[in-house]
Amino acid sequence: MSVIQYNQKFRKSVLAVITAATVGLFSSTTVMAADMSNNADNFYQSSQVNIQKVTFKNQYNMQVVGNLVIPKNLKKGAKSPAIVIGHPMGAVKEQSSMLYAQKLAEQGFITLAIDLPFWGESEGQPRNVVSPDMYSEAFNAAVDYLGTRDFIDRERIGALGICGSGSFVISAAKIDPRMKAIATVSMYDMGAANRNALNHSQSLEQRKQIIASAAQQRYVEFTGGKTEYTSGTVHELTQDTHPIQREFYDFYRTPRGEFTAKGADPKTTTHPTLSSNIKFMNFYPFNDIETISPRPMLFITGDQAHSKEFSEEAYKLAGQPKELYYVKGAGHVDLYDRVNLIPFDKLAAFFEKNL
């Protein structure tokens, strides 16, 4: 499969042409064009901010890469509040995170959109490996970085996780009181999603079969065999493609949100390695979530989102203060990039009050 690459500067003017090219690239019986409704704008570029690529080490001496977004009207000499932002599972910082980072920076916050280890520009080999501990640690390391900048108030650092990063940021916050306010958007509990699937639709026997398959794959890779990948977003649509996969496809496999990081293979974007994905089976981010209290938590989900069960469960278990906010008419992926649906004002008010 070819990767569609285009200059973001001219993205909107050539969108129709690229979408037509996309149709020709996929050998599916049914192909959806990018749905740009509700002002979908993943590749938003703000004129009100400055963006600087930064690198810093995590506690394991691995390099984490992020984009530091600073408001142009930042007062000189002032110490500002800051927010670290994590991308959806299998994505990179250019997908959803940078939209949020710029929109919140326009509200006066310094923001840092990071690539999780093994993804995007951050270090980690093999690529696309699942490591919940490393993912959570990246948020802790981001606080290290932000809290040592002389223009940031280390007592006013918050965190925001989108999709899978919602569960990673909760895991990080449980052991890092430096995160003063925690928000999630369209959260996936990556542990529960892999153990039980959506709506607890996966049986224990099915789970054991997945684990057995991954364990056998370790032998293959240990002896130099081919790396296999799992889950992620399909690369073509058919008449039988599930509606949830169609939802992800419209973002990750069309010009709406498709992005392949430098050095990556478009055939493996969004796909974790098969042998490592079972690490999620041992990931329980909501255990002891109540211990984050009295630091405030905000859970945002679409009222039509297939993933809302995870935000609802986290809210149920969390201590006070907490809030569960439903975006009317929004699905899971809608809150990745649909500017008319994403409650940026709600997020800004939450962080302004608590930072």
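Numbering-wise, the sequence shown is residues -33 to -1, 1 to 322 according to mature numbering (1 follows the signal peptide of the UniProt record, and there is no 0). Virtual Cβ for every residue (Gly too), placed ideally from N, Cα, C.
Query                                                                                                        : Result
Local Cβ density within 10 Å of TYR27, reported as buried at 16 or more and exposed below that               : exposed
Stretch-stretch touch, CB-based, cutoff 8 Å, three pairs: the stretch 205 to 225 with the stretch 292 to 301 : yes
Three CB pairs or more closer than 8 Å across the stretch 21 to 35 and the stretch 167 to 187                : no
Range covered by the alpha helix (DSSP H) that runs through VAL136                                           : 132 to 141
Between the CA atoms of ALA49 and PRO144 - distance to the nearest angstrom                                  : 15 Å
Element boundaries [beta strand (DSSP E), containing LYS20]                                                  : 16 to 24
Reduced DSSP category for ASN5 - H, G, I as helix; E, B as strand; rest coil                                 : coil
Same chain, Cβ closer than 6 Å to ARG305, neighbours up to 5 away in sequence not counted                    : ASN5, ALA7
Closest Cα partner of THR236 within the set THR227, SER243, ASP82                                            : THR227
The stretch 48 to 66 contacting the stretch 101 to 109, beta-carbon criterion three pairs below 8 Å          : yes
Residues bridged to ILE52 (per DSSP)                                                                         : ALA80, LEU127
C-beta atoms of SER47 and ILE129 nearer than 8 Å                                                             : no
Residue from PHE277, PHE266, GLY230 whose Cα sits closest to the Cα of LYS313                                : PHE266
Backbone secondary structure at ALA316 - three-state DSSP                                                    : helix
Beta bridge counterpart(s) of TYR196 as assigned by DSSP                                                     : THR240
Bridge-paired residues (DSSP) for THR235                                                                     : For THR235, which the question treats as bridged, DSSP gives no partner whatsoever.
Residue nearest to GLY131 in terms of C-alpha spacing, selected from LYS234, LEU113, TYR102, ILE18           : TYR102
Opening and closing residue of the beta strand (DSSP E) in which GLU90 lies                                  : No beta strand (DSSP E) holds GLU90; DSSP gives it neither H nor E.
Distance, GLY286 Cα to ALA139 Cα                                                                             : 16 Å
Of the listed residues ALA68, LYS289, GLU279, GLN271, nearest to PHE317 (C-alpha basis)                      : LYS289
Rounded separation between ASN254 and SER98 - CA only                                                        : 18 Å
At least three beta-carbon pairs within less than 8 Å, the stretch 153 to 170 to the stretch 229 to 248      : yes
Boundaries of the alpha helix (DSSP H) in which ASN163 is found, first to last residue                       : 157 to 163
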